[in-house]
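Undergrad: The sequence shown lines up with residues 14 to 206 when you count with my numbering. First the structure, then my questions, so here it is.
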Amino acid sequence: MEKRTKVIVCFALLVALAVISRLIPMPAGIYGITPMYAMAIFGGVVFKKDRKFAFLLPLLSFFICDVLIQLLYSIGAWSTPGFYEGQLLNYVLFALLTFVGLGIKKPGVLSIGIASLIAPTVFYILSNLGVWAFAGFYPLTGAGLKACYVAGWPFYFPYSLLSTVVAAAVLFGVYHLYKNKAGIATSTTHSHI
14 MEKRTKVIVC FALLVALAVI SRLIPMPAGI YGITPMYAMA IFGGVVFKKD
64 RKFAFLLPLL SFFICDVLIQ LLYSIGAWST PGFYEGQLLN YVLFALLTFV
114 GLGIKKPGVL SIGIASLIAP TVFYILSNLG VWAFAGFYPL TGAGLKACYV
164 AGWPFYFPYS LLSTVVAAAV LFGVYHLYKN KAGIATSTTH SHI
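Rendered as structure tokens:
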């Protein structure tokens with residue numbers, strides 16, 4: 014039961030972190046800073062044995078934040094709505110990004126680093142393809158597709174990539190330190206029994 018409580022507390026802290034980070038306004042011209050890609054990877058790696066938590070972590074974080082942003086928008090304290098047409102695609106894509114973490118066999122600096130580049134890249138490619146195909150903002154031509162990817166570029170490069178690498182380093186670094194400290198505490202406790 015104690016392990017389950019630790020998982021729930023860890024999960025709640027990560028959701029709170031994601032919500033708070035998404036609610037921090039960014040200066041003009043800075044787009045795409047988010048820990049959400051890193052959280053999808055982290056969820057896939059850490060909650061591999063309990064996959065419902067792996068998928069729930071990024072999706073619940075995203076949903077709670079969208080609810081809060083919608084509330085702020087409804088009272089005029091936020092410039093964009095939390096919920097908008099076509100947003101379901103974002104939820105599907107964040108669920109898919111969890112598979113990036115689930116696919117990591119042996120977590121290490123290299124594998125987490127590569128995953129931190131893959132996740133925002135996959136999101137950029139698929140989300141812009143979805144906007145082009147379904148939103149009706151761009152003509153369904155090669156030129157329209159190119160225009161859609163050009164418009165989405167500032168959300169991807171460099172800030173999505175950088176924020177994912179940094180957030181993943183922090184999440185996995187803190188988790189590694191916690192596991193090592195917990196392992197030391199456990200072995201010390203057992204040596205006195």
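Glycine included, each C-beta is placed from N, C-alpha and C at the ideal position. This structure is a prediction, so every number in the text was calculated from the model and none was measured.
If we ignore side chains and look at the alpha-carbon of each, how far apart do residue 48 and residue 155 end up?
TA: Rounded to the nearest angstrom, the two C-alpha atoms are 32 Å apart.
Undergrad: Going along the chain, which residues of its own chain have a beta-carbon closer than 7 Å to the beta-carbon of residue 24, five neighbours each way excluded?
TA: The answer, listed in chain order, is 66, 70.
Undergrad: For residue 121, which of 38, 101, 188, 41 has the nearest alpha-carbon?
TA: Of 38, 101, 188, 41, the residue nearest in Cα terms is 188.
Undergrad: Classify residue 59: buried if its beta carbon has 16 or more other beta carbons within 10 angstroms, exposed otherwise.
TA: Under this definition residue 59 is a buried residue.
Undergrad: So, with DSSP's three-state summary, where would you put residue 97?
TA: If DSSP states are grouped into helix, strand and coil, residue 97 belongs with coil.
Undergrad: Looking only at its own chain, which residues have a Cβ that is under 7 Å from the Cβ of residue 237, when we skip the five neighbours before and after it?
TA: Only positions 14 to 206 of the chain appear in this structure, which leaves residue 237 out of reach.
Undergrad: Between the segment 97-111 and the segment 162-172, can you find at least three pairs of beta-carbon atoms closer than 8 Å?
TA: Too few Cβ pairs lie closer than 8 Å, so no.
Undergrad: Is it the case that the Cβ atoms of residue 104 and residue 95 are separated by a distance below 8 Å?
TA: For residue 104 and residue 95, no; Cβs fall outside 8 Å.
Undergrad: Could you name the residues of the same chain whose beta carbon sits closer than 6 Å to that of residue 142, not counting the 5 residues immediately before and after it, in chain order?
TA: Taken in chain order, the list of residues that qualify is empty.
Undergrad: In angstroms with no decimal places, state the Cα-to-Cα distance between residue 125 and residue 112.
TA: Spanning the two alpha carbons is a distance of roughly 13 Å.
Undergrad: In angstroms, rounded to a whole number, what distance separates the CA positions of residue 219 and residue 191?
TA: For residue 219 there is no data in the structure shown, the boundaries of the chain being 14 and 206.
Undergrad: Would you report the Cα separation of residue 93 and residue 40, rounded to the nearest angstrom?
TA: Roughly 15 Å separates the two Cα atoms.
Undergrad: Going along the chain, which unbroken runs of the alpha helix (DSSP H) with 4 or more residues stay wholly within the segment 114-187?
TA: Whole alpha helix (DSSP H) segments, 4+ residues: 122-143, 155-169.
Undergrad: With a CB to CB cut of under 7 Å and the five nearest residues on each side skipped, what residues in its chain are close to residue 132?
TA: So the qualifying residues of the chain are 50, 53, 54, 110, 113, 177.
Undergrad: Check for me: the alpha helix (DSSP H) holding residue 74 runs from which residue to which?
TA: Segment 64-87, the alpha helix (DSSP H) holding residue 74.
Undergrad: Quick check: what's the CA-CA separation for residue 169 versus residue 89?
TA: Distance between the alpha carbons of residue 169 and residue 89: 28 Å.
Undergrad: How long is the line joining the alpha carbons of residue 30 and residue 37, rounded to whole angstroms?
TA: Roughly 11 Å between the two C-alpha positions.
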